[in-house]
Amino acid sequence: MTENLQPNLQQHTADFQFHDFAPKSEDLSQAIQSGWSEKPKNISPKFFYDQRGSQLFDKICQLDEYYVTRTEIMLLEKHANEIAKNIGDNSCLIEMGSGSSKKIRLILEALRPALYMPIDISREHLIESASLLAKDYSWLKINAVCLDYSEQWNLPDETPRLNRAAFFPGSSIGNFHPLQASQLLQQMSQALGKGGKIIIGVDLKKPEKQLNAAYNDKNGITAEFNKNLLHRINRELFCDINPDSFSHNAFYSHSHNRIEMHLVSNQQQVISIQGIDYHFDKGESIHTECSYKYSASDFQQLAVNSGLTPLKCWIDNEAKFSIHLLEY
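Here UniProt numbering is used: position 225 in the sequence shown is 225, and no number is missing along the way.
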């Protein structure tokens, strides 16, 4: 967010404020022009998260194959009080991505912050999730901020100087190349200020079979989530892409320590978007997402290189997932 960027709207009550810096449709158009002109074609995974995409991701989090959510929740249930103790009283809790209600509720109930600030790119999903929390926690003051945290951003100017902490669950940091992940950690640190804490979930390296199953569920929800991007392009940019002309493909890349997700063209085709023709050969793909996997020590080194101090690390008994507490 640039300093002169004005929100599209502000909604507020005594204990619920909403600041809207949502990306515009032309941002999607520009991303396609840029990414689909490259080889291989690509687009940022942030465009998954329209309202339908956010709903589908919530379904993914409940899948048997998707160990990430249940393992992280188990760790939070076990360590939420310890996390809260390390953050301290009179806090401002900033959630990066308004995701699983269960996760944030565990932290909110243990911490009871003076202010909760969820940040999310999906306006509809953010309003829905924040409104539910406002209804269930009458004591909680909420400042919801719709923005794209993968770009340059700042907190709203009126954010009070409280004991700040950021909650970044779900191994969303894995969607960023390690260099970009470091830049995001540095940006979060600047927003928090000296002494600010980051609670961050990080998926750990594990057998390829288990990783591939997590991104290729038998019910096809992840495939639907991936292909929903095409539906969004059709809706927002007035296109007529046939989503069935693409297939979901996800696999683990050993050389990059990451899961890659692609939409693979099932045929030779030309797709026209706002007067520009994009040619696809049969088998050509759009690279839609990466999910990097780390060892606990590798991620702690990334944090140190980003100017942060690792304070705590919690890992489940099967070494599937980790939660790190970092300090700036």
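Beta carbons: idealized from backbone N, C-alpha and C, even for Gly.
When DSSP labels each residue in this structure, what does S322 get in the three-state scheme? strand
Pair within 9 Å by beta-carbon distance, I198 and E95: no
The segment 163-172 / the segment 185-203 touching (three or more Cβ pairs under 8 Å): Yes, since at least three Cβ pairs between the segment 163-172 and the segment 185-203 fall closer than 8 Å, the two stretches touch.
Taking the alpha carbon of N317 as the reference point, which residue from Q55, H19, F18, L75 has its own alpha carbon closest? L75
Which complete beta strand (DSSP E) runs does the segment 244-287 hold, if anything under 3 residues is left out? 246-253, 258-265, 269-273, 276-280
Cα-Cα separation between P207 and I173, rounded to whole angstroms: 20 Å
Are the CB atoms of E109 and A134 nearer to each other than 9 Å? no
Just the Cα atoms here: how many angstroms apart are M261 and H287? 6 Å
Kindly indicate the opening and closing residues of the alpha helix (DSSP H) around G201. That residue, G201, is in no alpha helix (DSSP H); its beta strand (DSSP E) goes 197-203.
Got a sec? Which residues, its chain only, sit under 8 Å from D240 by beta carbon, not counting five neighbours each side? N234
Cβ-Cβ distance between L155 and M117 below 9 Å: yes
Reduced DSSP category for K59 - H, G, I as helix; E, B as strand; rest coil: helix
Could you check how far apart the C-beta atoms of F280 and Q269 are, in whole angstroms? I think they sit under 8 Å. 5 Å
What runs of the beta strand (DSSP E), each 3 residues or longer, lie entirely inside the segment 200-231? none
Nearest candidate by alpha-carbon position, reference residue 337, set F176, N86, Q267: Residue 337 lies beyond the stretch modelled for the chain, which goes from 1 to 328, so this question has no answer here.
Buried versus exposed, by CB contacts within 10 Å (16 or more), A319: exposed
Whose C-beta lies closer than 6 Å to the C-beta of N163 among residues of the same chain, with five residues either side of it excluded? G88, N90, S91
Mind checking whether W153 and Q187 have CB atoms under 9 Å apart? yes
Where does P45 fall in DSSP's three states? helix
With a Cβ-Cβ cutoff of 9 Å, do A144 and S98 count as a contact? yes
Under 9 Å, do I259 and K293 count as touching if we go by C-beta distance? yes
Among residues of its own chain, excluding the 5 on either side of N305, which ones have a beta-carbon nearer than 8 Å to its beta-carbon? S182
8 Å contact criterion, which Q51 and S122 should meet: CB distance rounded: 6 Å
For P40, count neighbouring Cβ atoms within 10 angstroms of its own Cβ and tell me buried if that reaches 16, exposed if not. Under this definition P40 is an exposed residue.
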